[in-house]
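Position in the sequence shown (first residue = 1) + 1149 = the working numbering. Positions of the beta carbon are idealized from the N, C-alpha and C atoms, including for glycine. The structure appears below as structure tokens.
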Amino acid sequence: MGISRIEQHEKSHFGYYVRLTRQGTQYAKFFADGRYGGQRNALKAAQQYYEQLVEQMPSQPQVGRKSVRNTSGIVGVSQTKSARKGHVYEYWQAWFGSGEDRKSVKFSIKKYGATKAKQLAIDARKAWEQEATQIG
């Protein structure tokens, strides 16, 4: 997202492309060098347009929102793989918080089975959420 420089020599297509997505809707506009009197002016126009979009539609915090890539159905719970010394390990992971306050725990699919490992991760996440609600 943001502003990208486009240079397609074979099509004589030069300018800046502005993209911004808000609540699933993508806003896009191309600023051609020729139309704006050169590369510098096209960039200025693109930057102004982008700033207007961001001002009109500020981003919403991602905290607590489920990603479209989420496969567990629960925010903060994901199935993951890691490789060490030629072995692949699969587990369900729960995480909560951010920065230095971030907590994380993994449950091995090999040890617990896929269903139980996932449930343990969900339970851990819910426990952290309840703890945060009681404290804050």
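- In the three-state scheme derived from DSSP, where H, G and I count as helix and E and B as strand, Tyr1166 is classed as strand.
- Lys1267 counts as buried, since at least 16 other C-beta atoms from the protein chains shown sit within 10 angstroms of its C-beta.
- Taking the CA atoms as reference points, Gln1196 sits about 17 Å from Gly1183.
- With fewer than 16 other Cβ atoms from the protein chains shown falling within 10 Å of its own Cβ, Gln1175 counts as exposed.
- Listed in chain order, the beta strand (DSSP E) elements of length 3 or more contained wholly in the stretch 1179-1246 are 1226-1233 and 1236-1245.
- Contact between Ala1270 and Gln1242 holds: their C-beta atoms lie close to 6 Å from each other, under 8 Å.
- Secondary structure of Gly1151 (DSSP, three-state): strand.
- Distance between Ala1181 and Arg1171, taken at the CA atoms: about 24 Å.
- Counting C-beta atoms within 10 angstroms of its own C-beta, Ala1281 has fewer than 16 neighbours from the protein chains shown and is therefore classed as exposed.
- With 16 or more other Cβ atoms from the protein chains shown falling within 10 Å of its own Cβ, Arg1274 counts as buried.
- Nearest in C-alpha terms to Ser1253, of all of Tyr1238, Ala1177 and Val1226, is Val1226.
- For Lys1259, the enclosing alpha helix (DSSP H) begins and ends at Ile1258 to Tyr1261.
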